[in-house]
Amino acid sequence: MTLSSPGARAVDLRVEPVDDVLEHVERSLQMQLVRDTVVCKRRSVGGRTDRGTWVRVERRSFDRIGAQGWNGTEAAAVLHGVSMPKWYAGLAWRERDEPVMWRADEMVLVTAPPVGQAALVIEDPQLSDGWWAALNASLDALAAQRTHRLATPDTETATQELVTGTIRAVFPEVDATVDEWTPAHADLTWANVTGREFCIIDWEDWGMAPRGLDAATLWGNSLAVPALAQRVWAERRPDLESRSGRLMALFFCAKVVGPHAHPQDPRLEPAREEAARLIAELHS
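As structure tokens, then:
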């Protein structure tokens with residue numbers, strides 16, 4: 001059950017002062033952030049510490065926190081066989097007078113840069129065969145495990161209703177019933193996988209999701225580079241060519257081509273073409 005949060009103030013941490021928040025984290029975790037390494041994103045802030053670790057801080061309103069809580073990074077520490085940063089400590093607190101929670105997690109510092117600076121890529125990153133093998137090993141290991149957590153892609157709980165609503169709002173002719181659910185990272189974009197040495201970062205949203213969600217997310221964010229999209233599809237073919245995987249690919253396409261489509265999005269036309277193919281395959 002999700003709590004409502006009337007009056008929660010919309011905040012962009014790229015422009016909002018966060019010094020008080022960072023000082024609270026430093027006092028609580030008994031470390032110092034190296035301030036010139038701090039990176040501010042829309043809803044999270046991250047930086048190196050004086051003990052050679054990394055701290056990530058996130059703000060969420062109550063209506064984006066389900067009954068399971070939002071300790072995804074901490075909960076992911078029990079996963080095995082997955083390339084990910086080791087987790088050390090966590091901290092959560094409520095913002096005074098606002099229906100908002102903050103959370104900070106300290107973990108191993110990953111020095112390899114992400115493959116992309118944003119979710120999508122527009123140039124082929126020329127990844128090695130070893131990189132793809134490591135991706136496959138991690139996703140296969142993740143899918144083999146079990147959890148009571150529910151994934152929260154884009155901070156929305158992964159449910160049949162979410163899948164059906166997203167797909168049928170754009171493609172009303174499609175039966176969007178999911179037949180397989182497996183653990184997923186739920187935000188597997190090119191900004192959340194590292195390059196030279198493979199690693200998956202940002203685990204706050206992981207949990208059970210339709211099979212193929214991760215593969216479809218990485219594939220969809222490759223659509224501006226056809227050869228890369230083809231490579232993702234080939235590497236994750238068992239997932240993406242399952243019924244659930246095709247639905248997840250269509251789920252991604254629906255977000256790109258739907259009512260909020262951006263005319264300059266380089267994924268737009270490829271997503272329209274792929275959606276037509278996927279619908280034909282789902283109906284065959």
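Just so we're aligned, residue 1 is where the sequence shown starts under full-length UniProt numbering, counting upward by one.
Note that CB positions come from ideal geometry on N, CA and C, so glycine has one too.
Within the stretch 121-204, the complete alpha helix (DSSP H) segments of 4 residues or longer fall at 129-143, 160-168, listed in chain order. 8 angstroms or more divides the Cβ of leucine 91 from the Cβ of serine 44. Straight across, the Cα-Cα distance linking tryptophan 131 with valine 193 is about 10 angstroms. When beta bridges are read from the DSSP output, aspartate 19 appears opposite no residue.
Boundaries of the alpha helix (DSSP H) harbouring arginine 243: 243-257, taken from the DSSP string. Here DSSP, grouped into helix, strand and coil, assigns glutamate 26 to helix. With a contact defined as Cβ atoms closer than 8 angstroms, valine 55 and leucine 79 miss out at about 20 angstroms. For alanine 89, the enclosing beta strand (DSSP E) starts and ends at 87-94. Shown here, glutamate 106 sits in a strand according to DSSP, grouped into three states.
Taking C-beta atoms as the reference points, arginine 48 and threonine 37 count as a pair closer than 8 angstroms. Counting C-beta pairs closer than 8 angstroms gives fewer than three between the stretch 229-237 and the stretch 173-187, which falls short of the contact rule. For the options Ala89, Arg94, Arg96, the alpha carbon positioned closest to that of alanine 75 is the one of Ala89. Cβ contact annotation for proline 113 (same chain, cutoff 7 angstroms, sequence separation greater than five): Thr194, Gly195, in chain order. Pairwise C-beta distances place the stretch 236-251 in contact with the stretch 204-216, as three or more of them are shorter than 8 angstroms.
Proline 210: member of the beta strand (DSSP E) spanning 207-210, first to last residue. Cβ neighbours of valine 178 within its own chain (closer than 7 angstroms, five residues either side excluded): Gln160, Val163, Pro210, Ser244, Leu247. Per DSSP, the unbroken beta strand (DSSP E) holding glycine 46 starts and ends at 44-48.
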